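Only one structure is covered here, and it is reproduced in the block below.
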Amino acid sequence: MKEMESESRRELYALLHLSPEASDDEIRKAYRQWAQIYHPDKYQSPHMKDTATENFQRIREAYEILSDEHKRQIYDIYGMEGLKSGLELGTKLNKAEEIKEEFERLKRQKEQEKFSSHVRPSGTVLANLSLPQYLNGGGIMRGMAMSSEVHSQISKRNTIAVGGNLAVTGNSGGGVATAALRHRVSSGASMEFMVSVGLQSLIGAQMTQHLSSHSTATSGIAVSLRDGSVNLSNAWTRQLSETCSGNIQLALGVESSIAVGWQKKDEKTSTAGELKFGTGSFGASAHYTRKISQKSHGRVAGRLGSTALEFEIGGGRKISDFSSVRMLTSVGIQGIFWKIEYHRGGQKLVIPILLSRQLNALIATGAMIVPSSLYFLLKTFVVKPFYLKRERQKAMEKSERSSTQVREAREAASKAQKLLENVATRKKNKQMERNGLVITKAIYGNNKAFKKRNESREVENDLASQVLDVTVPLNFLVDDSGQLKLHRGVKKSGIMGFCDPSPEESKQLYVEYIYGGRRYEVLVDDYDELLIPQEVNIS
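Sequential numbering from 10 applies to the sequence shown in our numbering.
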């Protein structure tokens with residue numbers, strides 16, 4: 010796995026047929042060898058000259074990077090991504106740690122620039138529906154509420170947020186507009202100034218400070234513009250473990266209260282609870298969410314207090330990378346509800362549907378059974394067939410794109426091999442005269458093809474498209490001493506005259522060769538070293 014992850018940092022070595030530990034002299038020698046083969050001035054045919062020019066540019070780029078100590082060090086650590094990020098333009102860095110630090114800094118800077126160039130909108134639309142009201146001849150809509158907020162980072166330390174909300178119930182309604190400025194004082198502290206105009210007009214400020222690596226404190230003050238009342242708030246949050254945190258909130262003012270809560274979240278579950286005591290009231294709430302599959306989750310929640318008694322159960326499903334739906338059934342003293350939620354990005358649509366104002370056991374049971382039954386029916390006969398069809402279509406489109414890329418790569422490899430052919434033939438004839446190493450057959454590609462070959466001694470036709478004949482480039486790479494070496498840890502598809510004939514599949518290289526008048530064969534994995542001649546006689 011680590012070898013595959015480092016593939017992008019080994020391609021240039023494969024191109025020049027070098028070990029990642031190659032010396033400067035070896036890099037210069039390899040470049041001269043390849044430049045002699047692919048220099049455009051050696052060819053008269055326009056077609057051959059174009060092929061040579063394209064490959065010569067690849068070789069020259071590889072040499073310019075690997076022959077520069079600074080660029081090579083960056084390439085070895087971060088591949089071409091590190092070079093393209095701008096590291097080579099800065100101060101010369103000598104240590105790997107310095108390069109890593111600089112790369113991470115530039116990466117954060119680019120992320121910050123990308124982040125700063127976009128605003129982050131969020132909003133919620135709440136539509137309250139009532140089935141009993143509709144059945145009694147009234148309208149189905151009980152009320153509606155909307156809220157929206159837009160965040161925009163105006164500098165590295167300052168962020169502004171503008172938002173508002175509007176609520177309508179029956180013949181009454183109201184709204185509030187809010188603006189806030191957040192200023193990052195330091196890496197561990199920030200301040201926020203806020204003004205709100207509407208039914209609850211007020212101005213306020215709050216300060217957040219990291220007390221330690223595990224705890225944070227927030228203090229705030231808000232002054233009402235209507236009656237001049239002052240409200241103070243304090244909150245403390247502490248990380249209790251890697252997956253659990255706790256918090257205490259204290260509010261002093263017209264409506265004083267104290268609340269204690271905790272949250273725990275891991276890969277599969279999310280749990281939270283809170284106890285709150287206020288002037289003449291108390292409340293407790295908890296919820297538990299569990300991941301059922303990669304895209305689905307279940308949820309159970311409950312609320313108990315002086316003005317609330319409610320039990321909620323349901324689940325949700327992710328329908329795309331950015332959107333999800335959730336269906337919940339709620340039973341409490343306010344009635345029996347269905348709650349439908351749709352989330353997409355920072356936007357949310359919530360539709361509570363009142364089914365009954367009375368606590369009726371039959372209606373409550375039906376409210377819980379109907380959604381789950383409907384979900385499984387839709388999943389079986391609508392959603393699943395739709396997704397299977399879409400996945401098949403995506404697979405076909407991906408296969409077509411991959412086929413086009415493989416076809417183009419094969420054409421490029423074939424052109425590169427033609428330019429190697431004359432030298433490869435001369436080397437082959439020279440080795441034959443010496444009774445030395447001659448590659449008679451070499452195939453690179455999907456290892457399934459070689460497993461089938463072991464059974465039938467030939468590559469099956471259906472797998473032939475997933476392998477590539479590389480006899481010519483391997484004969485070219487045989488050195489004057491009659492030895493062929495492909496370096497460990499370097500993916501062989503990057504070698505000149507090779508390509509990747511089966512993307513996303515494990516690959517092997519099969520070689521048949523003659524040495525000393527005897528016939529041999531060898532099979533190696535994609536990242537393994539190949540060193541021949543080897544004494545594995547098959548004749």
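All C-beta atoms in this analysis are idealised placements derived from N, C-alpha and C, irrespective of residue type, glycine included. For clarity, every value in this text was computed on a predicted model and none was experimentally measured.
Check	Outcome
Looking at C-beta atoms only, is the number of pairs between the segment 171-187 and the segment 147-161 that lie closer than 8 Å three or more?	yes
As a quick exercise: from 355, 171, 271, pick the residue whose alpha carbon is nearest that of residue 188.	171
Could you tell me whether the segment 512-521 touches the segment 439-457, using the rule of 3 or more Cβ pairs below 8 Å?	yes
DSSP state of residue 534, grouped into three classes?	strand
If you follow the beta strand (DSSP E) that residue 361 is in, where does it begin and where does it stop?	356-365
Give me the Cα-Cα distance between residue 30 and residue 407, rounded to the nearest whole angstrom.	37 Å
Quick one: what's got a C-beta closer than 6 Å to residue 137's C-beta in the same chain, skipping five residues either side?	151, 152, 361
Would you check if the segment 480-497 and the segment 505-513 touch, i.e. whether three or more CB-CB distances between them fall below 8 Å?	yes
Spatial neighbours of residue 208 within its chain, please: C-beta separation below 8 Å, excluding the five flanking residues on both sides.	183, 184, 185
Any idea what DSSP makes of residue 84, helix, strand or coil?	helix
With a Cβ-Cβ cutoff of 7 Å, do residue 341 and residue 333 count as a contact?	no
Is the segment 355-371 in contact with the segment 380-393, if contact means three or more CB pairs nearer than 8 Å?	no
In the structure shown, what three-state DSSP assignment does residue 287 receive?	strand
Can you tell me whether DSSP reads residue 421 as helix, strand or coil?	helix
Quick check on this structure: which residue in 370, 491, 413 has the alpha carbon closest to the alpha carbon of residue 437?	491
Taking DSSP as the reference, what is the three-state secondary structure of residue 263?	coil
Rounded to a whole number of angstroms, what is the C-alpha to C-alpha distance between residue 168 and residue 192?	7 Å
Under a three-way DSSP split, which group does residue 321 fall into?	strand
Contact between the segment 263-272 and the segment 286-299 is defined here as three or more beta-carbon pairs at a separation below 8 Å; is this criterion met?	yes
Which stretch, first to last residue, makes up the beta strand (DSSP E) that contains residue 202?	198-207
Quick one: grab the DSSP three-state call for residue 223.	coil
Does DSSP classify residue 331 as helix, strand or coil?	coil
Starting from residue 73, follow the beta strand (DSSP E) in both directions and report where the run begins and ends.	That residue, residue 73, is in no beta strand (DSSP E); its alpha helix (DSSP H) goes 55-75.
Can you tell me whether residue 185 is helix, strand or coil according to DSSP?	strand
Any idea what DSSP makes of residue 236, helix, strand or coil?	coil
Helix, strand or coil, according to DSSP, for residue 153 in the structure here?	strand
At the level of alpha carbons, what is the spacing between residue 210 and residue 233?	6 Å
For residue 219, which residues of its own chain have a beta-carbon under 6 Å away from its beta-carbon, when the five flanking residues on both sides are left out?	197, 225
Roughly how far, in whole angstroms, is the beta-carbon of residue 337 from the beta-carbon of residue 321, given that I think they are within contact range, below 8 Å?	5 Å
Among 142, 422, 537, 161, whose alpha-carbon lies nearest the alpha-carbon of residue 497?	537
For residue 499, which residues from the same chain have a beta carbon less than 6 Å from its beta carbon, with the 5 sequence-adjacent residues on both sides left out?	19, 22, 23
For the putative contact between residue 479 and residue 451, defined by C-beta atoms under 8 Å, what is the C-beta separation to the nearest angstrom?	5 Å
Rank 190, 135, 528, 47 by C-alpha distance to the C-alpha of residue 59 and give the top, closest one.	47
Quick check on residue 338: does DSSP put it in helix, strand or coil?	strand
Grab the span of the beta strand (DSSP E) containing residue 383 for me, first residue to last.	It is not in any beta strand (DSSP E) - residue 383 instead sits in the alpha helix (DSSP H) that spans 370-387.
Any chance the CB of residue 364 is under 6 Å from a heavy atom of the ligand GTP?	The model on display carries no ligand, and the ligand GTP is accordingly not part of it.
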